[in-house]
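Note that the sequence shown covers residues -20 to -1, 1 to 634 in mature numbering (1 follows the signal peptide of the UniProt record, and there is no 0).
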Amino acid sequence: MFKKILGSCLFLMSGFWAGAQLKLPRLCSDGMVLQSSQPVPVWGWAEKGSTVHVSFRGKQYHARAGADGRWRVSLPALSSGGPDQMLIASGKQKILIRDILVGQVWVLSGQSNMEHDLNSVVEKYPSLLADSSYEAIRQFKVPGTYNFKQEQKDYPAGSWTAATHEKIGAFTAVGFFFAQQLYHDTHQPVGIINISLGGSPIEAWLPESALKKYPEDEAELLRFKNDSLIAAVEQGDQKKAAAWAAGLNRQDKGEHQGWQRLDIHSAEVNGWFSMSVPGYWADQGLGQVNGVVWLKKSVLLRHPLTAKKARLMLGRIVDADSVFVNGVYVGSTTYQYPRRRYDFNADVLHEGINTVTIRLVSQADKGGLVPDKPYALVLDQDTVSLAGRWKIKVGAARAPAPGQTFVRWKPGGLYNAMMAPAFSYGVKGVIWYQGESNTDNAPEYALKLKDLLAALRAGWHSESLPFLVVQLPNFMTESWDAGASSAWAALRQAQLSILSQPRTDVAVTLGLGEWNDVHPYNKKPVGERLFLLAKDMCYSGAGLNGASFVPLHHSPVARDAQLLGDSVVIHFRSPQPLRIRPGDSSLDHFALAGADGKYYWAHAEIKGDQVWVHSPQVKVPRSVRYGWSDNPLRANLENMAGLPAAPFELTVKE
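Put into structure tokens, the structure is as follows:
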């Protein structure tokens, strides 16, 4: 039974702020989780040459601060448990760290699908946020920052947070579900160091030494070592964005004429264009318009209201929006990716006709309301659909908004500022969920992924550091062309290439994506699949790259393809019984190509732990594909536990 011991983050003796130098990194603070069963580093800074004493679990450890003031002690392998306290002292200076747990510590890194928290998927898992509290699962969320000049020694902010009812919503969703499974399986506390940043490409997470292989990336890194340049670029971006927005507001007739207050049945609105929601106005006769577009929908409430609270569900909107109900502002969102959920007092509504108004800002490309998302007004247990015909009128049309530089995504910056400060902290392994921002160059991504692994293992001084990768899920529209190119399929193949390195594995996530959302809701199975891989690799066996593992924990991954007569035989890395997805009658989404490189859909059949593929249109197959599409919904090969086979493209061996 783990309990919370309340206390300040750091107990500092008087005089510390008056020139004393004893200091700890942000990671070494109240509520931290230390890795069990391996040596545990504790470090910090003190006056040059001073002796530092560390007291933990009744034992004393000592270190002397070096010329740079840094000191370090190594605690022997610890048993799991807690809570404990740790006292660090140097001379008259003391720091007390409270509420320490010992268990399993994992680093979770990547871009937005790793960063997305439980609050963002609350509709998928409502009871979790309403009822759950896990005191023994904790997260340290690293603040998003960059440094192009050097590796930072510490973070500018950050603290450990327990997954209590009040705080659990801020936890990385994938990370929490992984930690939840790990906690239940090991009965040990779990610490998550969340080092993720939305939109970040892999090169932002690479060290300067690795970037020397990539001239364009290295040139960008060297360029952004100039602080004056960064300031000029960021100020320039801000000015351009502000000027575009200001011009839009000046031109917006709806803003100046108060269109948010217009009743949907007023004479002014009767002449507005009509479009179907959800949808994009460019597809419905209005043409390509960027700027401000106003939309209105009538909502009929037939009975007197008893609810005190109401919620508007407006799916996803491209790009930004401000929303009004009967002329009353109820909420806004400044960019396209968040799901729109606006809560407001129900007394804004009334029996009869109500008007919902959206002021939508389209910055570039097609604007509108994304299909296959929830659009409704929710009152207690009653739900009124908002799908259907809406009135629409352009308030202001402008050229697309100027692009942004996103300095924080430039090569090397996140490695130095977000990853490097964690290298001294003892961890069990690293989980990586990233790739959406690198689909333009899959072959290079495969190289960079290996470079990242090498950098992480060098940073943690462990050639056997476990490294788990989340393969990109299905996304965008399905293709029925057997020979279609697919950037996402190529990136998935690049991610699989990491399996050539020891102590690595890949969680296949086909079937967990959404065609219309790069940020799918279904995060729990991702965390659960990662847990199965971690369990095999770290807690019950040697894993896929070792001597033993549990096949059912691993998605089938093709090893090679061999020609046998007019058929191609697919062998898998982890031989195990295979099956067709329940509900389907035959294998799908296999294709063969001959010497001309033209692919044709092929017949495929499971034979034990192999798949045999043939096509009368391809007499001598030279290559074979499976699930080679951005969104291969028809791909239906899986193992007996229901884990999907990884998509692949292989050269056929004779």
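All C-beta atoms, glycine included, are put in the ideal place defined by N, C-alpha and C.
Since we're looking at a predicted model, the values are computed, not measured.
Quiz item: Asn421 to Asp97, Cα distance in whole Å?
Solution: 28 Å
Practice problem: Tell me whether Gly393 sits in a helix, a strand or coil according to DSSP, three-state version. | Solution: helix
Quiz item: From which residue to which residue does the alpha helix (DSSP H) around Asp197 run?
Solution: Unbroken alpha helix (DSSP H) run through Asp197: Pro195 to Arg203.
Self-check item: Where Pro624 sits in the DSSP three-state scheme
Solution: strand
Exercise. Would you kindly report the start and end of the unbroken beta strand (DSSP E) that includes Tyr163?
Key: That residue, Tyr163, is in no beta strand (DSSP E); its alpha helix (DSSP H) goes Ala153 to Thr166.
Practice problem: Output the boundary residues of the beta strand (DSSP E) element that contains Leu98. | Solution: Where Leu98 is concerned, there is no enclosing beta strand (DSSP E), given that its DSSP letter is neither H nor E.
Quiz item: Looking at Gln18 and Ala57, is the spacing between their C-beta atoms short of 8 Å?
Solution: yes
Self-check item: Given Leu14 as reference, the closest of Ala116, Leu357 and Gly29 once Cα atoms are compared
Solution: Checked all of Ala116, Leu357 and Gly29; the closest Cα to Leu14 is Ala116.
Practice problem: Reducing DSSP to helix, strand and coil, say where Asn229 ends up. | Solution: helix
Quiz prompt | Distance, Asn619 Cα to Val102 Cα | solution = 30 Å
Quiz item: Got a sec, what are the start and stop residues for the beta strand (DSSP E) Leu191 sits in?
Solution: Element bounds for Leu191: not the beta strand (DSSP E) but the alpha helix (DSSP H), Glu188 to Leu191.
Quiz prompt | For Gly415 and Gln475, believed in contact at Cβ under 8 Å, the rounded distance | solution = About 6 Å; that satisfies the 8 Å criterion.
Self-check item: Distance, Glu331 Cα to Leu281 Cα
Solution: 5 Å
Practice problem: Output the boundary residues of the beta strand (DSSP E) element that contains Ala487. | Solution: Run containing Ala487: Thr484 to Ala487, per the beta strand (DSSP E) assignment.
Practice problem: Determine the burial state of Trp239: buried for a count of at least 16 other Cβ atoms within 10 Å of its Cβ, exposed for fewer. | Solution: buried
Self-check item: Classification of Leu524 by the beta-carbon crowding that lies within 10 angstroms, buried from 16 upward
Solution: Unreliable placement is indicated for Leu524, whose pLDDT of 41 sits below 50; no coordinate value is reported for it.
Practice problem: State buried or exposed for Glu188, treating a residue as buried only when at least 16 other CB atoms are found within 10 Å of its CB. | Solution: Burial state of Glu188 is buried, judged by a 10 Å Cβ sphere holding 16 or more other Cβ atoms.
Quiz item: Are Asp431 and Ala190 closer than 8 Å when you measure CB to CB?
Solution: yes
Self-check item: Rounded straight-line distance, which links the Cα of Trp440 to that of Lys408
Solution: 10 Å
Quiz item: CA-CA distance, Gln1 and Ala625?
Solution: 55 Å
Quiz item: What three-state label does DSSP hand Asp243 in the structure shown?
Solution: coil
Quiz item: Over what stretch of residues does the alpha helix (DSSP H) that includes Lys74 continue unbroken?
Solution: Segment Gln73 to Gly90 is the beta strand (DSSP E) holding Lys74; no alpha helix (DSSP H) there.
Practice problem: Indicate the three-state DSSP secondary structure (helix, strand or coil) for Thr631 in the structure shown. | Solution: strand
Self-check item: DSSP beta-bridge partners of Ile175
Solution: Ser89
Quiz item: Applying the criterion that 16 or more other CB atoms from any shown protein chain within 10 Å of the CB defines a buried residue, is Asp48 buried or exposed?
Solution: It is exposed - the Cβ of Asp48 has fewer than 16 other Cβ atoms within 10 Å.
Self-check item: Buried versus exposed, by CB contacts within 10 Å (16 or more), Leu544
Solution: exposed
Exercise. Go through the region 316 to 353 residue by residue and report every complete run of the alpha helix (DSSP H) that reaches 4 residues or more, in order.
Key: none
Quiz item: At which residues does the beta strand (DSSP E) containing Phe304 begin and terminate?
Solution: Ala300 to Val305
Quiz prompt | Closest Cα partner of Gly11 within the set Trp581, Ala143, Pro391 and Ala514 | solution = Considering only alpha carbons, the answer is Ala143.
Quiz item: Should Ser465 be labelled buried (16 or more other beta-carbon atoms within 10 Å of its own) or exposed?
Solution: Counting Cβ neighbours within 10 Å, Ser465 comes out exposed, since fewer than 16 surround it.
Quiz item: So what's Gln597 in DSSP terms, helix, strand or just coil?
Solution: coil
Quiz item: How would you label Trp51, buried or exposed, when you count the other beta carbons within 10 angstroms and need 16 or more for buried?
Solution: buried
Self-check item: Complete alpha helix (DSSP H) runs within the region 456 to 544 (minimum length 4 residues, chain order)
Solution: Taking only runs of at least 4 residues, the alpha helix (DSSP H) segments lying wholly in the region 456 to 544 are 467 to 476 and 504 to 514.
Quiz prompt | Own chain, CB closer than 6 Å to Thr286, minus 5 neighbours either side, in chain order | solution = Once the five neighbours on either side are set aside, Thr286 has no close Cβ partner at all.
Quiz item: I think Ser89 touches Ile148, with their Cβ atoms under 8 Å apart; what is that distance to the nearest whole Å?
Solution: Not confirmed; about 21 Å, so no contact.
Quiz item: Just the Cα atoms here: how many angstroms apart are Ser554 and Glu508?
Solution: 19 Å
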